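Participant: Could you have a look at this structure, given as structure tokens, before my questions?
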Amino acid sequence: MCFLTVKGVKYSFDKGLKLIDIIRQNNITFETPCGGGLTCGKCKVILKSGDVNPITNEEEKFLTVDELSVGTRLACFMEPKGDICIDFPEQLDDKNKILTKGILPEHDFKPNINKKTFEFHQHCLKNELSYLEALENVLDEKVVANKHLILQQLPSIIKEKKITAIYSNNYILGVEKKDTTSSCYGVAIDIGTTTVVASLVNLITGQEIEIESALNPQTEYGLDVLSRIDFVRKNKGGLELLHNGIINCLNRLIMSLCKNSKIDKENIYEIAVAANTTMLHILLNVDPTCMGKSPYKSVFIKENKFLASELGIKISAYGMVYTLPGVSSFVGSDIVAGVCAGSLFEKGKKSLFIDVGTNGEMVLYGSGQMVACACAAGPALEGMNIKNGMRATSGAVENVKIIDSQVFLKVIGDIKPIGICGSGIIDCISELLQNKVIGLTGRIKNQDNIESLPKGVAIKDGSTRSIMLSSANGEISVTQNDVRQVQLAKGAILSGIYTLLDYVKLSIYELDEVIIAGQFGAHLNVESLIGVGMLPSTFNGKVRYIGNSSVTGAILYLLSRNFREIIRDITGRIDYVELSTMQDYEKTFTKALTFKKI
14 MCFLTVKGVK
24 YSFDKGLKLI
34 DIIRQNNITF
44 ETPCGGGLTC
54 GKCKVILKSG
64 DVNPITNEEE
74 KFLTVDELSV
84 GTRLACFMEP
94 KGDICIDFPE
104 QLDDKNKILT
114 KGILPEHDFK
124 PNINKKTFEF
134 HQHCLKNELS
144 YLEALENVLD
154 EKVVANKHLI
164 LQQLPSIIKE
174 KKITAIYSNN
184 YILGVEKKDT
194 TSSCYGVAID
204 IGTTTVVASL
214 VNLITGQEIE
224 IESALNPQTE
234 YGLDVLSRID
244 FVRKNKGGLE
254 LLHNGIINCL
264 NRLIMSLCKN
274 SKIDKENIYE
284 IAVAANTTML
294 HILLNVDPTC
304 MGKSPYKSVF
314 IKENKFLASE
324 LGIKISAYGM
334 VYTLPGVSSF
344 VGSDIVAGVC
354 AGSLFEKGKK
364 SLFIDVGTNG
374 EMVLYGSGQM
384 VACACAAGPA
394 LEGMNIKNGM
404 RATSGAVENV
414 KIIDSQVFLK
424 VIGDIKPIGI
434 CGSGIIDCIS
444 ELLQNKVIGL
454 TGRIKNQDNI
464 ESLPKGVAIK
474 DGSTRSIMLS
484 SANGEISVTQ
494 NDVRQVQLAK
504 GAILSGIYTL
514 LDYVKLSIYE
524 LDEVIIAGQF
534 GAHLNVESLI
544 GVGMLPSTFN
554 GKVRYIGNSS
564 VTGAILYLLS
574 RNFREIIRDI
584 TGRIDYVELS
594 TMQDYEKTFT
604 KALTFKKI
């Protein structure tokens, strides 16, 4: 038996394991973007003491000279030979920049859950054969749903003078002691691939009371859905591990919501969950690996309803969990919720909804049709596959400007830059294109071929060319590969836009509105999106940002029965377009790769 020491805490492990597996076995929070695939170089630790395997050339290429000098290693490569002590690089604030708020549109307030109080006296029992018959006589209705739970509660309930019946869409969901009609709550949840947001909603007043957010614990096993599907496929018990992680995360968020709002979790009766299809499969402990191979079909796609206790979610014993419906394996309920929350199909406008991120989902409404696609933009927009990329949290460069030949870096948390997030890399490349440091093909120019190199911008030649940007508050570098990763992302999104427009026979000039939603979209500069050619310049002035529309859609699901009908109807009306099967898509994608403004 050996011991791993992290920040003074000892964890046991057996020899022969990689450090990444030891960290996982001991439930130590730690991000591994590629899921331990030896490809991202982000699982950095600092070896303080102990004997480990020597560093290889493959591992060394991910680390800088400065990192190597302080003992930095990668957890997926490192194998301890005995007791070791490690530290993690500067820890980040997970809640910083997690987008929690959306824009709640007008809606018909008619929640699914309501309560009613009844007088219950002992004389109610005189002529009845059982407690159940007495209860049904008082309620003037038969108990059908959750009958076993209600029977278990009856011996204590019948001792009360007042009882409260909980109704779900006019049928009895449960019965409680005393008058609890003033306490009736639901929780709307957005399970993102990277972050999780939970919103507590008062089902009597319709008010959003409290919001909590957290990093999705599954990021320890990969930052995108494919790496998590791969983790489940390769690891026995992997699904259970991911499932338990998200259930524990939800319970912690719910506990925080209740504590901060001073309410009892027993008074939460509904949870509405919007998420991509893979996240919903893992939530329900359903094997998602079928979505990682042809024909890429999901186990389920429509709306589901379960007792919260079946999933291990701790709310009322009568509490229900609803998973919202999606369109396909790659266009999930988070997108449908966003489309409905953003009223894409109303007002008679030709509208495009884009969730700018790894999956690049978009929905177009026009010519009486609604079509969707997922354009696999890749993880660059989330800070992955970028040399110094990171999530939008403390220390990340989120905005880059070159003004009068001077570089300005805006860093989250107003500290020295640690890395660069998605919005920062888009800004950076847009500015470098504008200053002719990068050509339209995406190639970083030789310093001698640049007419006027801005101050604070230096071209570094080596095995691969890179650009160093220096400002008063620090510096950040961008490599040729970083530029290519953004090029692939913008090409995917732009080609998706063109393909959907062509599908419904519209031009880029005919769109009335472009709706941008999601975690990443909150921090985007529209000028930069146009600057790198991710969006056509004709979209300028037409962009509307609607915040975290996924959680907004889940809130509306709790507050409005009519919205539930709308979301079911819209789900059935959206046609999914598989881009790879579309004629000439490869040509469209190749054309969209250029950084030329459109």
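Residue numbers (our numbering): 14 to 611.
Just so it is clear, CB atoms sit at the ideal spot from N, CA and C, and this is done for glycine as well.
Here the structure is a predicted model, which means the values were calculated and not measured.
1. I want to know whether the stretch 553–572 touches the stretch 194–213 - three or more CB-CB distances under 8 Å.
2. Let's test the definition: count the other Cβ atoms within 10 Å of the Cβ of Pro301 and tell me whether it reaches 16, buried, or not, exposed.
3. In angstroms with no decimal places, state the Cα-to-Cα distance between Gly391 and Glu149.
4. When the Cα atoms are used, what is the spatial distance from Gly452 to Ile472?
5. If contacts are defined as beta-carbon pairs under 8 Å, then Cys56 and Thr69 qualify, I think. What distance do you get, rounded to the angstrom?
6. May I ask which residues mark the beginning and end of the alpha helix (DSSP H) holding Arg497?
7. Jot down the residue ranges of each uninterrupted beta strand (DSSP E) in the stretch 266–314, minimum 3 residues, whole runs only, in chain order.
8. Name the two residues that bound the continuous alpha helix (DSSP H) containing Ser436.
9. Going straight from the alpha carbon of Thr207 to that of Asn412, what length do you get?
10. For Asn401 and Gly432, which I take to be in contact (beta-carbon distance under 8 Å), what is that distance rounded to the nearest angstrom?
11. Exposed or buried, what is Ile295 when buried is set at 16 or more other beta-carbons lying within 10 Å of its beta-carbon?
12. If you draw a straight line from the alpha carbon of Val209 to that of Leu228, how long is it in whole angstroms?
13. Near Gly509, which residues of its chain fall below 7 Å by C-beta distance, leaving aside the five closest residues on each side in sequence?
14. Can you tell me the Cα-Cα spacing of Met14 and Tyr24, whole angstroms?
15. Which whole-angstrom value is the C-beta distance of Ile267 and Cys197, which I expect to be below 8 Å?
16. Take the Cβ of Thr406 as the centre, count every other Cβ of all protein chains shown within 10 Å, and call the residue buried at 16 or more, exposed below.
17. When you compare only the Cα positions, how much space is there between Gly332 and Ile163?
18. For Leu297, verify whether its CB is less than 8 Å away from any heavy atom of the ligand HEM.
19. What first and last residue would you give for the alpha helix (DSSP H) that runs through Phe552?
20. Kindly confirm or deny that the stretch 497–504 and the stretch 543–550 touch, where touching means at least three C-beta pairs closer than 8 Å.
21. Who does Met333 pair with in a DSSP beta bridge?
22. Roughly how many angstroms separate the alpha carbons of Asn40 and Gln447, rounded to a whole number?
23. Could you check whether Cys89 and Gly63 sit closer than 9 Å to each other, using their CB atoms as the reference points?
24. Could you pull the DSSP bridge partners for Ala485 from this structure?
25. Look at the alpha carbon of Ser436 and the alpha carbon of Ala393, and state the distance between them as a whole number of angstroms.
26. Just checking my contact of Thr130 with Thr177 at CB under 8 Å: how many whole Å lie between their CB atoms?
27. When you compare only the Cα positions, how much space is there between Leu320 and Val238?
28. Could you check what DSSP says for Tyr144 in three-state terms: helix, strand or coil?
29. Leaving out five residues on either side along the sequence, give the residues of the same chain with a beta carbon under 6 Å from the beta carbon of Phe43.
30. Report the start-end ranges of each beta strand (DSSP E) in the stretch 334–416 that is 3 residues or longer and not cut off at the edges.
31. Using only the alpha-carbon positions, how far apart do Lys278 and Ser269 sit?
32. For Asp203, does the three-state DSSP call read helix, strand or coil?
33. State buried or exposed for Gln165, treating a residue as buried only when at least 16 other CB atoms are found within 10 Å of its CB.
34. According to DSSP, is Gln596 helix, strand or coil?
35. Count the other C-beta atoms from every protein chain shown that fall within 10 angstroms of the C-beta of Leu112, then say buried if there are 16 or more, exposed otherwise.
36. With a Cβ-Cβ cutoff of 9 Å, do Leu216 and Leu572 count as a contact?
Facilitator: From the atom records:
1. yes
2. As a working note, residue 301 is residue 288 in the sequence shown. Flag for Pro301 reads buried.
3. Counting from one through the sequence shown, the residue named residue 391 turns up at place 378. Counting from one through the sequence shown, the residue named residue 149 turns up at place 136. Cα to Cα, Gly391 sits roughly 57 Å from Glu149.
4. The residue given as residue 452 occupies position 439 in the sequence shown. The residue given as residue 472 occupies position 459 in the sequence shown. Between Gly452 and Ile472, the C-alpha separation is close to 14 Å.
5. The residue given as residue 56 occupies position 43 in the sequence shown. The residue given as residue 69 occupies position 56 in the sequence shown. Actually they are not in contact, since the Cβ atoms of Cys56 and Thr69 sit about 15 Å apart, beyond 8 Å.
6. Along the sequence shown, one-based indexing puts residue 497 at 484. Segment 493–516, the alpha helix (DSSP H) holding Arg497.
7. 281–288
8. For the purposes of this step, residue 436 is taken as residue 423 along the sequence shown, with counting starting at 1. Its alpha helix (DSSP H) spans residues 435–447.
9. For the purposes of this step, residue 207 is identified with residue 194 of the sequence shown, where counting begins at 1. For the purposes of this step, residue 412 is identified with residue 399 of the sequence shown, where counting begins at 1. Cα-Cα distance, rounded: 21 Å.
10. Residue 401 sits at position 388 when you count from the first residue of the sequence shown. Residue 432 sits at position 419 when you count from the first residue of the sequence shown. The pair is a contact, with the Cβ atoms about 4 Å apart (cut-off 8 Å).
11. Position 282 of the sequence shown, counted from the first residue, corresponds to residue 295. It is buried - the Cβ of Ile295 has at least 16 other Cβ atoms within 10 Å.
12. Reading the sequence shown from its first residue, position 196 is the one you call residue 209. Reading the sequence shown from its first residue, position 215 is the one you call residue 228. Using only the alpha carbons, I get a separation of about 6 Å.
13. In the sequence shown, counting from the first residue as 1, residue 509 sits at position 496. If we look at Gly509 and ignore the five residues flanking it on each side, its Cβ neighbours are Gly373, Met375, Cys386, Cys388, Leu592.
14. By 1-based counting over the sequence shown, the position of residue 14 is 1. By 1-based counting over the sequence shown, the position of residue 24 is 11. Each residue's alpha carbon lies about 10 Å from the other.
15. For the purposes of this step, residue 267 is taken as residue 254 along the sequence shown, with counting starting at 1. For the purposes of this step, residue 197 is taken as residue 184 along the sequence shown, with counting starting at 1. In fact, because the Cβ distance is near 16 Å, the residues do not count as touching under 8 Å.
16. For the purposes of this step, residue 406 is identified with residue 393 of the sequence shown, where counting begins at 1. So Thr406 counts as buried.
17. Taking the sequence shown and counting its residues from 1, the one referred to as residue 332 is at position 319. Taking the sequence shown and counting its residues from 1, the one referred to as residue 163 is at position 150. Cα-Cα distance, rounded: 13 Å.
18. Within the structure as shown, the ligand HEM is missing, as the structure has no ligands at all.
19. Here the question's residue 552 lines up with position 539 in the sequence shown. Counting along the chain, Phe552 falls outside any alpha helix (DSSP H), and DSSP gives it neither H nor E.
20. yes
21. As a working note, residue 333 is residue 320 in the sequence shown. In DSSP, Met333 forms a bridge with Glu283, Leu320.
22. Reading the sequence shown from its first residue, position 27 is the one you call residue 40. Reading the sequence shown from its first residue, position 434 is the one you call residue 447. When rounded, the distance between both Cα atoms is 46 Å.
23. Counting from one through the sequence shown, the residue named residue 63 turns up at place 50. Counting from one through the sequence shown, the residue named residue 89 turns up at place 76. No; because the gap between Cβ atoms is not below 9 Å, this pair is not in contact.
24. The sequence position of residue 485 within the sequence shown is 472, counting from 1. DSSP output for Ala485 lists no bridge partner at all.
25. Here residue 436 refers to the residue found at position 423 of the sequence shown. Here residue 393 refers to the residue found at position 380 of the sequence shown. Taking the straight line joining both Cα atoms gives about 10 Å.
26. Here residue 130 refers to the residue found at position 117 when the sequence shown is read from its first residue. Here residue 177 refers to the residue found at position 164 when the sequence shown is read from its first residue. Yes, Thr130 and Thr177 are in contact; Cβ-Cβ is about 5 Å, under 8 Å.
27. For the purposes of this step, residue 320 is identified with residue 307 of the sequence shown, where counting begins at 1. For the purposes of this step, residue 238 is identified with residue 225 of the sequence shown, where counting begins at 1. Straight-line Cα distance between these residues: approximately 26 Å.
28. Your numbering for residue 144 matches position 131 in the sequence shown. Tyr144 falls in the helix class under three-state DSSP.
29. Position 30 of the sequence shown holds residue 43. Ile36, Glu233, listed in sequence order.
30. 364–368, 374–379, 382–387, 409–416
31. To locate residue 278, count along the sequence shown from 1; it is residue 265. To locate residue 269, count along the sequence shown from 1; it is residue 256. If I take the Cα positions, the gap works out to 10 Å.
32. Along the sequence shown, one-based indexing puts residue 203 at 190. Strand.
33. Walking along the sequence shown from the start, residue 165 turns up at place 152. So Gln165 counts as exposed.
34. Walking along the sequence shown from the start, residue 596 turns up at place 583. Three-state result, Gln596: coil.
35. Taking the first residue of the sequence shown as position 1, residue 112 is located at position 99. Unreliable positioning characterises Leu112 in this predicted model, as indicated by a pLDDT of 46, which lies under 50. A coordinate reading is not provided.
36. The residue given as residue 216 occupies position 203 in the sequence shown. The residue given as residue 572 occupies position 559 in the sequence shown. The answer is yes: Cβ separation under 9 Å.
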